[in-house]
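*Asks:*
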Amino acid sequence: MAHVGARQILSKAQQEGYGVPCLLAGNLEMLIGAVQAAEALSAPLILAYNAQVTPQIPMHLIAPAMVKAAESACIPVATILDHGADLASVEQAIACGFSTVMYDGSSLPFEENVRRTQEVVRIAHTHGVDVEGELGAVGGSSVELGYGYVHSEFTDPEQAVEFVARTGVDVLAISFGNLHGLYNGAPDLDLARVRAIAGRVTTPLAMHGASGLPDSAYAAVIAAGISKINYYTAIARAVTHSLRQALATAEETDLVYHHVIAWTTGQFTDETRRLLYLLRKPVAAVA
Ligand SMILES: [Zn+2]
Numbered sequence: 003m004a005h006v007g008a009r010q011i012l013s014k015a016q017q018e019g020y021g022v023p024c025l026l027a028g029n030l031e032m033l034i035g036a037v038q039a040a041e042a043l044s045a046p047l048i049l050a051y052n053a054q055v056t057p058q059i060p061m062h063l064i065a066p067a068m069v070k071a072a073e074s075a076c077i078p079v080a081t082i083l084d085h086g087a088d089l090a091s092v093e094q095a096i097a098c099g100f101s102t103v104m105y106d107g108s109s110l111p112f113e114e115n116v117r118r119t120q121e122v123v124r125i126a127h128t129h130g131v132d133v134e135g136e137l138g139a140v141g142g143s144s145v146e147l148g149y150g151y152v153h154s155e156f157t158d159p160e161q162a163v164e165f166v167a168r169t170g171v172d173v174l175a176i177s178f179g180n181l182h183g184l185y186n187g188a189p190d191l192d193l194a195r196v197r198a199i200a201g202r203v204t205t206p207l208a209m210h211g212a213s214g215l216p217d218s219a220y221a222a223v224i225a226a227g228i229s230k231i232n233y234y235t236a237i238a239r240a241v242t243h244s245l246r247q248a249l250a251t252a253e254e255t256d257l258v259y260h261h262v263i264a265w266t267t268g269q270f271t272d273e274t275r276r277l278l279y280l281l282r283k284p285v286a287a288v289a
């Protein structure tokens, strides 16, 4: 009932001035933790599957749980294939019932990115599935943490207009200093570029690599025009650090795997709740 495409959720967020987290839900602890927090705060949510981050968990096994969680949630939930690398993975995600697919052609030359994204949009829209494209390249990595291979290419605002018009994407991921994984020092975000793109296209904009910003930065990012907040590394590290503490201090009789499931599910709930507070409409802006 509440399973919808990302565009519907993000268009409302755009109009009302808040951000929507896109969280990896590659296992049941991540999935259940995220949905529990969003339901508790009556906040919409986007659940993502990323084959590069959790290759041990096949899409065809976890996707039905994600779709079922979305359908039974009391809040609007979108499901998305994160960073689909080719048409085959996009078609698999559509067959699995995801409401949205991301096709990432950002490493390709512009014309090739346009051509392949057009093809994904044509197929996905036939099935009523939304599409997120990426223009410009967001560097870094959510898989191997470190600062070793940061290659970014900022999104050009005029090219963004052309890309959206020619492909018909429902969501556009842009690059403006954001990085996957860990930032090397304080993030240096070009918010003027975000405003320039947001002023030229009505398509909702996504920020990948949104974890690792100071808490105070989110309101400015959202005010500049971002509505989809892809957030993983900080939440994954917070949960893991917390698990290490719990394991280090646990009684021998508590060292059993179902306690690990309970700790991590609770931690994903707590961290998601913390994030949702950061992405809310600023209190001063509430009419
Ligand atoms: Zn990403």
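Heads up: the sequence shown is residues 3 to 289, going by the numbering used here. Yeah, the Cβ is synthetic: ideal placement off N, Cα and C, and Gly gets one too.
Would you check if the distance between the CB atom of L181 and the CB atom of I224 is smaller than 8 Å?
*Replies:* Here residue 181 refers to the residue found at position 179 when the sequence shown is read from its first residue. Here residue 224 refers to the residue found at position 222 when the sequence shown is read from its first residue. The answer is no: Cβ separation not under 8 Å.
*Asks:* Is the closest heavy atom of ligand 1 to the C-beta of V145 under 7 Å?
*Replies:* Stepping through the sequence shown from its first residue, residue 145 is reached at position 143. Checking every heavy atom of ligand 1 against the Cβ of V145, none is found closer than 7 Å.
*Asks:* Rounding to the nearest angstrom, what Cα-Cα distance links V163 and I199 in this structure?
*Replies:* The residue given as residue 163 occupies position 161 in the sequence shown. The residue given as residue 199 occupies position 197 in the sequence shown. Straight-line spacing of the CA atoms in V163 and I199 works out to 8 Å.
*Asks:* In this structure, what does DSSP give as the bridge partners for Y105?
*Replies:* Working through the sequence shown from its first residue, we reach residue 105 at position 103. Note: Y105 sits in a beta bridge opposite G86 and G135.
*Asks:* From D217 to V140, what does the alpha carbon distance come to, in whole angstroms?
*Replies:* Indexing the sequence shown from 1 puts residue 217 at position 215. Indexing the sequence shown from 1 puts residue 140 at position 138. Each residue's alpha carbon lies about 21 Å from the other.
*Asks:* Would the beta-carbon of L174 fall within 8 Å of that of G135?
*Replies:* In the sequence shown, counting from the first residue as 1, residue 174 sits at position 172. In the sequence shown, counting from the first residue as 1, residue 135 sits at position 133. Yes. Within cutoff.
*Asks:* Cα separation between S229 and G138?
*Replies:* Sequence index remark: in the sequence shown, residue 229 carries index 227 (1-based). Sequence index remark: in the sequence shown, residue 138 carries index 136 (1-based). The C-alpha of S229 lies about 18 Å from the C-alpha of G138.
*Asks:* Rounded to the nearest angstrom, what separates T81 and P60 at their Cα positions?
*Replies:* Position 79 of the sequence shown, counted from the first residue, corresponds to residue 81. Position 58 of the sequence shown, counted from the first residue, corresponds to residue 60. When rounded, the distance between both Cα atoms is 15 Å.
*Asks:* I'd like the ranges of any alpha helix (DSSP H) spanning at least 4 consecutive residues and lying wholly in the stretch 148-196.
*Replies:* 159-169
*Asks:* Tell me whether H182, by its Cβ, gets closer than 7 Å to a heavy atom of ligand 1.
*Replies:* For the purposes of this step, residue 182 is taken as residue 180 along the sequence shown, with counting starting at 1. Yes, the Cβ of H182 comes within 7 Å of a heavy atom of ligand 1.
*Asks:* Check the C-beta distance from L25 over to Y233 and give it rounded, since I have them as a contact under 8 Å.
*Replies:* Translated into positions along the sequence shown, residue 25 becomes position 23. Translated into positions along the sequence shown, residue 233 becomes position 231. About 6 Å separates the two Cβ atoms, so the contact holds.
*Asks:* Say whether the stretch 80-94 touches the stretch 62-70, bearing in mind that this needs 3 or more beta-carbon pairs closer than 8 Å, one atom from each stretch.
*Replies:* yes
*Asks:* Using C-beta distances below 8 Å, list every residue in its chain close to G99, excluding the 5 sequence neighbours before and after it, in chain order.
*Replies:* Along the sequence shown, one-based indexing puts residue 99 at 97. Correct list, in chain order: A65, P66, V69 and T81.
*Asks:* Report the CB separation of G107 from E114 in whole angstroms; it is logged as a contact under 8 Å.
*Replies:* Working through the sequence shown from its first residue, we reach residue 107 at position 105. Working through the sequence shown from its first residue, we reach residue 114 at position 112. At roughly 7 Å, the Cβ-Cβ gap stays under 8 Å, so G107 and E114 are in contact.
*Asks:* Whose CA, out of Q17, A226 and G268, lies closest to the CA of T242?
*Replies:* Reading the sequence shown from its first residue, position 240 is the one you call residue 242. For the residues Q17, A226 and G268, the minimum Cα distance to T242 belongs to G268.
*Asks:* So what's L277 in DSSP terms, helix, strand or just coil?
*Replies:* Numbered from its first residue, the sequence shown carries residue 277 at position 275. Helix.
*Asks:* In whole angstroms, give me the CA-to-CA distance for L193 and A226.
*Replies:* Here the question's residue 193 lines up with position 191 in the sequence shown. Here the question's residue 226 lines up with position 224 in the sequence shown. Those two C-alpha atoms are separated by around 6 Å.
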